[in-house]
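In my numbering, the protein residues as written are 1312 to 1405.
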(Lines of atoms letter the chains of each structure in order from A and count residues from 1; the text may use other names and numbers.)
(Lines give C-alpha, C1' and ligand atoms only; values in the text may rest on other atoms or scores of the structure.)
Protein backbone atom coordinates (compact mmCIF):
# COMPACT_ATOMS: atom_id res chain seq x y z
CA UNK A 1 0.00 0.00 0.00
CA UNK A 2 1.32 3.43 -0.96
CA UNK A 3 1.31 6.14 1.69
CA UNK A 4 1.29 9.58 0.07
CA UNK A 5 1.90 11.36 3.39
CA UNK A 6 5.48 10.13 3.63
CA UNK A 7 6.45 11.82 0.36
CA UNK A 8 6.17 15.33 1.76
CA UNK A 9 9.19 17.54 2.15
CA UNK A 10 10.05 17.64 5.85
CA UNK A 11 11.26 21.25 5.51
CA UNK A 12 8.14 22.50 3.77
CA UNK A 13 5.79 24.51 5.94
CA UNK A 14 2.67 25.66 4.09
CA UNK A 15 1.94 28.24 6.80
CA UNK A 16 5.30 29.96 6.51
CA UNK A 17 5.40 32.68 3.88
CA UNK A 18 8.80 32.88 2.32
CA UNK A 19 9.93 36.48 2.04
CA UNK A 20 9.91 37.72 -1.52
CA UNK A 21 12.82 39.91 -2.60
CA UNK A 22 11.63 43.46 -2.93
CA UNK A 23 13.09 45.60 -5.62
CA UNK A 24 13.58 49.14 -4.51
CA UNK A 25 14.03 51.98 -6.90
CA UNK A 26 16.99 54.09 -5.81
CA UNK A 27 16.41 57.77 -5.43
CA UNK A 28 17.51 59.14 -8.76
CA UNK A 29 18.82 62.63 -8.40
CA UNK A 30 19.46 64.19 -11.73
CA UNK A 31 22.08 66.86 -11.73
CA UNK A 32 21.26 69.57 -14.14
CA UNK A 33 22.92 72.81 -15.04
CA UNK A 34 21.32 76.02 -13.88
CA UNK A 35 20.88 78.79 -16.41
CA UNK A 36 19.43 79.31 -19.86
CA UNK A 37 20.36 80.34 -23.38
CA UNK A 38 20.86 84.06 -23.95
CA UNK A 39 21.08 86.39 -26.95
CA UNK A 40 23.82 88.75 -25.74
CA UNK A 41 26.18 89.31 -22.81
CA UNK A 42 24.18 92.19 -21.32
CA UNK A 43 21.34 89.81 -20.43
CA UNK A 44 23.58 87.96 -17.95
CA UNK A 45 23.97 91.03 -15.75
CA UNK A 46 20.22 91.15 -15.13
CA UNK A 47 19.74 87.40 -14.62
CA UNK A 48 18.91 86.10 -11.15
CA UNK A 49 21.25 83.43 -9.82
CA UNK A 50 21.00 81.05 -6.83
CA UNK A 51 22.13 82.44 -3.51
CA UNK A 52 23.95 79.23 -2.52
CA UNK A 53 27.03 80.06 -4.59
CA UNK A 54 26.45 77.49 -7.32
CA UNK A 55 27.43 78.42 -10.87
CA UNK A 56 24.79 79.32 -13.45
CA UNK A 57 25.61 78.72 -17.12
CA UNK A 58 24.41 80.96 -19.94
CA UNK A 59 25.42 79.77 -23.42
CA UNK A 60 25.03 82.31 -26.21
CA UNK A 61 22.49 81.23 -28.81
CA UNK A 62 24.97 81.66 -31.66
CA UNK A 63 27.48 79.35 -29.91
CA UNK A 64 30.22 81.96 -29.71
CA UNK A 65 30.68 81.79 -25.92
CA UNK A 66 29.46 80.37 -22.63
CA UNK A 67 29.00 82.84 -19.79
CA UNK A 68 28.96 81.77 -16.14
CA UNK A 69 27.70 83.78 -13.22
CA UNK A 70 28.32 82.93 -9.57
CA UNK A 71 27.58 84.68 -6.29
CA UNK A 72 30.77 85.32 -4.31
CA UNK A 73 31.12 85.23 -0.51
CA UNK A 74 31.31 89.02 -0.31
CA UNK A 75 27.90 89.34 -2.02
CA UNK A 76 29.14 90.36 -5.46
CA UNK A 77 28.59 88.28 -8.55
CA UNK A 78 31.42 86.99 -10.70
CA UNK A 79 30.87 86.75 -14.45
CA UNK A 80 33.27 84.63 -16.52
CA UNK A 81 33.21 84.33 -20.32
CA UNK A 82 34.48 81.18 -22.04
CA UNK A 83 35.14 81.44 -25.77
CA UNK A 84 36.15 78.51 -27.98
CA UNK A 85 39.60 78.56 -29.53
CA UNK A 86 39.74 77.30 -33.08
CA UNK A 87 42.76 75.15 -33.76
CA UNK A 88 45.00 76.25 -36.60
CA UNK A 89 44.49 73.72 -39.38
CA UNK A 90 47.57 74.79 -41.31
CA UNK A 91 50.58 72.87 -40.09
CA UNK A 92 53.91 74.08 -41.40
CA UNK A 93 56.41 71.38 -42.21
CA UNK A 94 60.03 71.85 -43.21
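In this text, a Cβ means the ideal position worked out from N, Cα and C, and glycines have one as well.
Reference residue i, options the options, closest by Cα
i: residue 1372; options: 1393, 1347, 1398 and 1391; result: 1347
i: residue 1396; options: 1374, 1355, 1343 and 1366; result: 1374
i: residue 1390; options: 1398, 1363 and 1357; result: 1357
i: residue 1359; options: 1394, 1399 and 1387; result: 1387
i: residue 1355; options: 1376, 1369 and 1363; result: 1369
i: residue 1378; options: 1398, 1350, 1332 and 1399; result: 1350
i: residue 1392; options: 1380, 1398 and 1399; result: 1380
Residue range of the unbroken beta strand (DSSP E) whose run includes residue i
i: residue 1390; result: 1388 to 1393
CB contact flag (residue i, residue j, <9 Å)
i: residue 1345; j: residue 1366; result: yes
i: residue 1382; j: residue 1362; result: yes
Exercise for the section: Note down, one range per segment and in chain order, each alpha helix (DSSP H) of at least 4 residues found wholly within the region 1334 to 1386. Expected result: 1353 to 1357
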